Amino acid sequence: MPKSQNINPKVVRKPQFIEFAKIPVNQYNKTIEEEKINFSAADFIRIYRHMFIIREFETMLNLIKTKNEYNGINYNHPGPAHLSIGQEASAVGMAYNLGVEDYIFGSHRSHGEILAKGLSAIHSLDEDQLYAVMKNYFGGTALKVVEKGFRGDIIELAVNFLLYGALAEIFARENGFNKGLGGSMHAFFTPFGIFPNNAIVGGSGDISVGAALFKKINRKSGIVVCNIGDASTACGPVWEGICFATMDQYKTLWDGEYKGGLPLIFNIMNNLYGMGGQTMGETMGFGILARLGAGVNPEMMHAERIDGYNPLAVIDAFRRKKKVLEEKKGPVLLDTLTYRISGHSPSDASSYRSKEEIEAWQKEDSIISYGKLLVSGGIVKQDQLDTIREKTGELVTHILKLAVDDNISPRLDLNKDPDAIGKMMFSNGSVDKMEDREPETLIPMEENPRVKSLKTKERFYKDKEQKPVSKAKLYQLRDGIFEAIIDRFYKDPTLAAWGEENRDWGGAFAVYRGLTEALPYHRLFNSPISEGAIVGTAIGYGMCGGRVIAEIMYCDFLGRSGDEVFNQLPKWQSMSGNLIRMPVVIRVSVGSKYGAQHSQDWSSLTAHIPGLKVVFPATPYDAKGLMNTALQGTDPVIFFESQRIYDIGEMFHESGVPEGYYEIPLGEPDIKRAGEDITILSIGATLYPVIKVAEILQETYGLSAEVIDARTLVPFNYQPVVESIKKTGRIVLASDASSRGSFLKEMAQTITELAFDYLDAPPVVVGSRNWIIPAYEMEEFFFPQPARILDAINEKIVPLKGHKTKSDFSAEKIIALNKEGV
Ligand SMILES: Cc1ncc(C[n+]2csc(CCOP(=O)(O)OP(=O)(O)O)c2C)c(N)n1
Ligand SMILES: [Mg+2]
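Pasting the structure below:
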């Protein structure tokens with residue numbers, strides 16, 4: 002508990018100076034003779050070969066992109082190819098000491114890193130293991146291609162497999178490592194510890210932290226390397242990831258063997274440029290990038306600049322830094338200095354740098370220099386190196402031939418199965434626990450004070466005498482969410498939860514009250530105010546095999562995690578060819594009373610993004626059942642909770658909220674009130690004003706309304722809604738989201754298509770106004786209130802006898818408002 006760490010004013014107000022230690026810059030100075038202790042001749046030569054394989058692979062890609070031809074093979078590749086010609090020593094040096102249990106993450110420019118890590122993995126595995134990896138991957142389809150007619154050992158077969166899998170992926174072929182759904186900027190191959198590249202600059206900055214957390218929390222061996230570019234250090238996810246990775250609590254508050262820093266290296270592939278912006282001297286102010294470590298923690302992240310043009314200097318640094326991580330003193334920041342001789346992309350005219358500069362770096366080309374070093378050190382003769390180059394050219398030519406042949410390497414057949422990609426959007430698993438071991442908890446669940454107190458609560462909002470239960474005795478919606486979550490914590494040992502004020506405080510809205518007593522720090526902890534990294538780390542944790550609940554305190558703050566929620570979380574399952582799973586639940590609390598930046602319902606934004614499941618319960622029974630299902634699943638779920646109804650009791654499920662475990666399938670709307678004359682479909686907390694509308698319709702106008710609670714936005718079963726409309730012929734839809742572009746509009750449009758023949762009037766949407774949300778005292782003018790919903794029904798669906806309309810739903814008004822943009 003941070004309470005145990007007293008902050009004494011006498012100490013913190015004392016005058017003093019902060020002292021910075023020296024940051025080493027290019028301090029590697031071993032001779033080749035000295036390195037002979039560390040490397041055999043075969044090792045030295047293997048390093049050369051790996052560098053040259055990368056060089057030739059990318060030279061081929063460059064020629065294919067610019068000339069549509071390599072060694073007599075013609076091909077047009079319209080997709081991306083961000084080449085790293087010049088950076089090979091950095092990639093090979095980085096991967097040299099890594100085993101398959103060590104994970105790398107990358108950027109848009111990571112072909113070299115993938116190949117280097119793959120080649121290093123091939124070297125570290127024995128032949129049986131290697132063959133098993135290749136045979137088991139997607140049924141061995143890629144293996145079959147490279148195995149045909151191959152003569153050589155398993156290691157060379159695996160080299161063929163690696164190059165083919167990567168190239169087929171770049172060319173969007175089904176035999177690619179990710180079925181062609183990842184492509185150049187997203188390719189990965191987890192059996193070799195190669196985790197996703199990322200087309201969003203800096204995207205790996207927080208995801209990789211989640212992977213390191215997975216290793217730490219689940220006591221897995223291996224380290225994580227986050228390979229990102231120098232320009233990405235200005236990106237939010239990178240800074241937030243660094244903050245997340247360097248929190249004091251790992252060293253001060255986490256217990257026993259969990260104490261200590263994360264096993265993570267931020268390896269900045271510093272090629273000195275973004276696309277055209279020069280980081281040192283133009284777009285950043287750090288001068289030497291390694292300086293960034295200085296401000297982050299007292300260890301200065303063990304930052305160093307290393308010469309990424311010399312593979313031996315990089316290997317040396319990684320060997321030393323791995324030790325730092327083994328001593329639990331991570332994370333580490335490496336400024337791996339390198340240079341991109343190729344353009345940012347093949348269309349880059351290099352207008353931002355001089356010819357002289359490029360030539361100067363070419364003169365020091367790492368492969369040529371390293372080759373000379375080996376020759377001068379008596380390790381190899383020049384003709385041996387020439388042979389390696391020649392054979393590599395033949396290998397790359399062979400692989401290219403295989404990858405561009407439509408018969409050998411077809412694409413996913415979308416003519417045969419037009420839904421093939423759609424089927425890969427979700428994994429749709431149902432898994433009690435992600436690993437089979439005892440979950441670590443602090444006390445038996447029955448001894449938990451909140452669990453005990455919930456036993457005394459009334460699980461329906463009225464008692465036996467039909468009197469409303471007092472708030473103090475009422476089982477509330479927040480209790481339903483709590484019960485589902487604590488149950489899973491005692492079931493799934495990998496489950497961890499984090500977010501702002503998650504521990505001690507009990508979650509900002511008391512959903513987690515009682516969890517601090519139940520769980521050690523490494524399973525429930527407070528995060529920095531880093532909404533991007535809260536979600537980004539959850540993504541990394543999930544894709545490595547852990548289940549996680551991350552919390553966004555207010556829906557409005559989703560904007561801060563926009564990239565993670567829109568670009569990362571939804572995409573990695575399908576971009577892996579549906580190989581990885583993403584058991585990540587993001588709890589998002591929708592505010593009220595706090596005005597324009599703390600009360601918005603953005604559920605529609607998330608529902609728009611393919612690859613996310615979106616849930617918005619409105620009752621304690623639904624909240625518990627849906628959270629149970631979300632936590633049983635293997636897909637990313639955005640779980641919205643309205644602050645307006647956290648303390649509401651169960652009003653619909655007459656036997657109350659069950660004490661035991663039950664699931665409610667995602668996607669099934671629920672009829673909360675049966676009726677014959679008009680259907681009202683609501684999302685989230687709007688259920689309650691809608692129920693009021695149904696009562697008024699019945700009592701005042703003699704109309705019986707059928708109220709359907711959507712409960713889930715994605716997936717969604719329209720059948721019950723269509724069945725309802727078959728009876729009623731009318732529908733009004735309501736939710737708290739601003740109506741323009743909302744999910745209600747999507748639903749209204751789909752319903753029109755599905756139920757046009759049964760409708761007597763168009764589906765009418767009553768959302769919130771297209772304004773800022775005003776202060777609580779004016780909220781009634783913003784959110785859909787019963788009167789406004791009745792106005793809409795009266796004006797647009799069925800006249801309500803004697804009803805006096807206040808809101809203007811006329812065509813003129815709709816046109817005028819849209820014209821004004823409100
Ligand atoms: C968030 C984001 N902004 C901009 C881009 C366009 N872009 C692609 S690469 C790049 C430069 C990245 O530089 P750096 O991080 O140093 O990596 P490098 O390209 O040098 O390997 C830019 C601006 C992008 N892909 N993502
Ligand atoms: Mg760069």
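Going by this note's numbering, the sequence shown opens with residue 2, and the numbers climb by one from there. Beta carbons are placed, not taken as given, at the ideal position from N, Cα and C, and that holds for glycine. In this text, all values refer to a predicted model and were calculated from it rather than measured experimentally.
Residue range of the alpha helix (DSSP H) that includes residue i
i	result
Trp499	Not the alpha helix (DSSP H): Trp499 falls in the beta strand (DSSP E), residues Ala497 to Gly500.
Asp317	Pro312 to Glu327
Asp636	It is not in any alpha helix (DSSP H) - Asp636 carries neither H nor E in the DSSP assignment.
Asn527	Element bounds for Asn527: not the alpha helix (DSSP H) but the beta strand (DSSP E), Leu525 to Asn527.
Asp480	Leu478 to Phe490
Proximity test, residue i beta-carbon vs ligand 2 heavy atom, cut-off 7 Å
i	result
Tyr274	yes
Gly230	yes
Simplified DSSP state of residue i, which is helix, strand or coil
i	result
Cys227	strand
Tyr462	coil
Ser233	helix
Asn199	coil
Asn819	helix
Arg390	helix
Tyr165	helix
Ser769	strand
Ala122	helix
Pro584	coil
Asp366	coil
Ile208	helix
Ser743	coil
Leu84	coil
Leu682	strand
Burial state of residue i, where buried means 16 or more other Cβ atoms lie within 10 Å
i	result
Gly286	exposed
Arg14	exposed
Arg712	buried
Gln6	exposed
Ile540	buried
Met779	exposed
Pro312	buried
Thr253	exposed
Gln601	buried
Ile550	buried
Glu59	buried
Gln786	buried
Pro79	exposed
Glu175	buried
Ser410	buried
Met583	buried
Residue i: CB within 7 Å of a non-hydrogen atom of ligand 1
i	result
Ala200	yes
Met1	With the chain represented from 2 up to 823, any question about residue 1 goes unanswered, as that position is not in the structure.
Met270	yes
Ser108	yes
Arg174	no
Ser233	yes
Arg524	no
His345	yes
Arg341	yes
First through last residue of the beta strand (DSSP E) which encompasses residue i
i	result
Met270	Leu265 to Asn271
Thr284	Element bounds for Thr284: n/a, residue is neither H nor E.
Arg56	No beta strand (DSSP E) contains Arg56, which is instead part of the alpha helix (DSSP H) from Ala42 to Lys68.
Ser739	Ile732 to Ser739
Thr713	Thr713 to Val715
Whole-Å CB distance - residue i paired with residue j, under 8 Å assumed
i	j	result
Val658	Phe641	Rounded, the Cβ-Cβ distance is 19 Å, inconsistent with contact.
Val733	Val767	6 Å
Leu334	Ala304	4 Å
Ser562	Val536	4 Å
Ser531	Cys227	At roughly 15 Å, the Cβ-Cβ gap does not stay under 8 Å, so Ser531 and Cys227 are not in contact.
Ser343	Gly87	7 Å
His112	Ala200	Not really, about 13 Å apart at Cβ, beyond 8 Å.
Minimum Cβ-Cβ distance from residue i to chain C less than 8 Å
i	result
Leu516	Included in the structure is just one protein chain, with no chain C present.
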